[in-house]
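Report on the following structure.
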Amino acid sequence: MTAPVPPTILVTGAMGQLGRHVAGILLQRGRTIIALDLDSPATRAAAAQMQSASGTLVPAYVNLLDPPALRALLAEHRPGAILHLAAMVSPLCYKNPRLARKVNVEGTRNLVEAAKALAQPPLFVEASSCSVYGSRNPHR
Numbered sequence: 002m003t004a005p006v007p008p009t010i011l012v013t014g015a016m017g018q019l020g021r022h023v024a025g026i027l028l029q030r031g032r033t034i035i036a037l038d039l040d041s042p043a044t045r046a047a048a049a050q051m052q053s054a055s056g057t058l059v060p061a062y063v064n065l066l067d068p069p070a071l072r073a074l075l076a077e078h079r080p081g082a083i084l085h086l087a088a089m090v091s092p093l094c095y096k097n098p099r100l101a102r103k104v105n106v107e108g109t110r111n112l113v114e115a116a117k118a119l120a121q122p123p124l125f126v127e128a129s130s131c132s133v134y135g136s137r138n139p140h141r
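If you're matching positions, the sequence shown starts at 2 in the numbering used here and goes up one per residue.
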């Protein structure tokens, strides 16, 4: 027996390549998606394109480095699950490792702390990739 899928799911990095795909699938399944991403013309355009799905998309332009804004967002929507897909990946993280650490480590910590503050903490899923572990290709 599988656990029921929560009706409201927060997806971080929702307007990015992976986030848009995942959010789109969940929207097609009729879910309510809180689509967290940075505010930019590109993310607003992506949100506008995703609005036609059968679920409910709630764009949320909140920075992971803003703990009070994250806490307020989670307190308002009380998601049953968080899919954490937001990250700074290569090659940008190689160009600015300090910012990458801030976004990838501190941003994740801020999100976890905001989730823990809820009366009923949500399921928390974090995606990872070779950006964390490095290439497994022996032919560098």
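We put the CB at the ideal spot given by N, CA and C, even for glycine.
If you measure between the beta carbons of residue i and residue j, is that distance less than 8 Å?
i	j	result
Thr44	Thr9	no
Ala87	Leu71	no
Leu11	Pro98	no
Glu114	Pro42	no
Met16	Ala48	yes
Leu28	Ser55	yes
On the CB-based measure, 16 or more other CB atoms within 10 Å of its CB, does residue i come out buried or exposed?
i	result
Ala46	exposed
Asp38	buried
Pro60	buried
Val106	exposed
Ala36	buried
Leu58	buried
Leu112	buried
Let me check understanding here. Comparing Cα to Cα, which of the options lies closest to residue i?
i	options	result
Ala76	Val23, Met16, Gln29, Ala116	Ala116
Pro92	Met51, Ala101, Leu65, Ile35	Ala101
Glu127	Ile83, Lys103, Gln18	Ile83
Leu78	Arg21, Pro122, Gly25, Pro98	At residue 78 the sequence reads His, which differs from the Leu that was named. For His78, the nearest C-alpha among the options comes from Pro122.
Gly14	Arg30, Lys103, Asp40, Leu28	Asp40
His85	Ala118, Lys103, Gly108	Gly108
Throw me the rounded Cβ distance for the residue i and residue j pair, which I believe falls under 8 Å.
i	j	result
Gly25	Met51	6 Å
Who are residue i's beta bridge partners in DSSP?
i	result
Val126	Leu84
Ile26	For Ile26, which the question treats as bridged, DSSP gives no partner whatsoever.
Thr44	The partner list for Thr44 (beta bridge, DSSP) is empty, contrary to what the question assumes.
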